[in-house]
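Undergrad: full-length UniProt numbering numbers the first residue of the sequence shown as 1 and each following residue consecutively.
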Amino acid sequence: MSPKWTSERGAGATLRSEATSCPGGSESTYVDPVDEEKLRNKIESALRLGDTFTNLSSGRSTQESEKILQLEQQIRQSREEARQSREEARQSREQNERLQRQFESLFNVVLPLLPSDTQQLLQQQANLQTDNKDDQQPSSATGHYGNDY
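What follows is the structure in structure tokens.
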């Protein structure tokens, strides 16, 4: 049961317990002013300590919240960079395919103008490269898992 002060500071304070402060209770105890001051200091010290702990906890929570926000921003930035990289890779593939088609068109225009033995040699090389390219191409894989970026 916690004590209750019946008067503020003075020559002496009277302290009553909660049990005796109830109706029908009349027990009072005299408290020496020095003891009273010590008790008040202990209480104030405990309250200050509680406030300090609360402030520290609040400070830590704020720091952790800021850290979480920074990490979330880094994740968003990484995802955006990954999306941009995939887009650049797609554009590079498309550009490569256009250049390949242009080369094949040019090859088909120039080939008939060459001597027949050179034509045969170049045609064989072109066929080998086409066969190798078909063997090496992956089956419509996108190069990444899921679409979570």
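By construction, the Cβ of each residue, glycine as well, lies at the ideal position given by its N, Cα and C atoms. No experiment lies behind these values; they were computed from the predicted model shown.
#1: Kindly list the residues whose CB is nearer than 8 Å to the CB of Asn132, restricted to its own chain and excluding five residues on each side of it in sequence; keep chain order.
#2: When DSSP labels each residue in this structure, what does Leu69 get in the three-state scheme?
#3: For residue 171 and Glu104, I'd like the C-alpha separation in whole angstroms.
#4: From the DSSP output, in three-state form, read off Ser2 for me.
#5: Give the DSSP-derived three-state secondary structure of Asp32 in the structure shown.
#6: So, with DSSP's three-state summary, where would you put Leu114?
#7: CB Leu106 to CB Leu122, shorter than 8 Å?
#8: Taking the C-alpha atoms as reference points, what is the distance between Ser65 and Leu47?
TA: With the given structure in hand:
#1: Counted from its first residue, the sequence shown places residue 132 at position 132. Taken in chain order, the list of residues that qualify is empty.
#2: As a first step, residue 69 is located in the sequence shown; it is residue number 69 there, counting from the start. In the displayed model, Leu69 falls within a helix according to three-state DSSP.
#3: One cannot answer for residue 171 here, as it falls past the ends of the chain, which runs 1 to 149.
#4: Mapped onto the sequence shown, residue 2 falls at position 2. In this predicted model, Ser2 has a pLDDT of only 48, less than 50, meaning its place in the structure is not dependable enough to derive any value.
#5: Along the sequence shown, read from residue 1 onward, the residue named residue 32 stands at position 32. Reduced to three states, the DSSP call for Asp32 is coil.
#6: Position 114 of the sequence shown holds residue 114. The DSSP-derived three-state label of Leu114 is coil.
#7: Translated into the one-based positions of the sequence shown, residue 106 becomes position 106. Translated into the one-based positions of the sequence shown, residue 122 becomes position 122. Going by beta carbons, Leu106 and Leu122 fall outside the 8 Å limit.
#8: As a first step, residue 65 must be located in the sequence shown, where it is residue number 65. As a first step, residue 47 must be located in the sequence shown, where it is residue number 47. Distance between the alpha carbons of Ser65 and Leu47 is about 27 Å.
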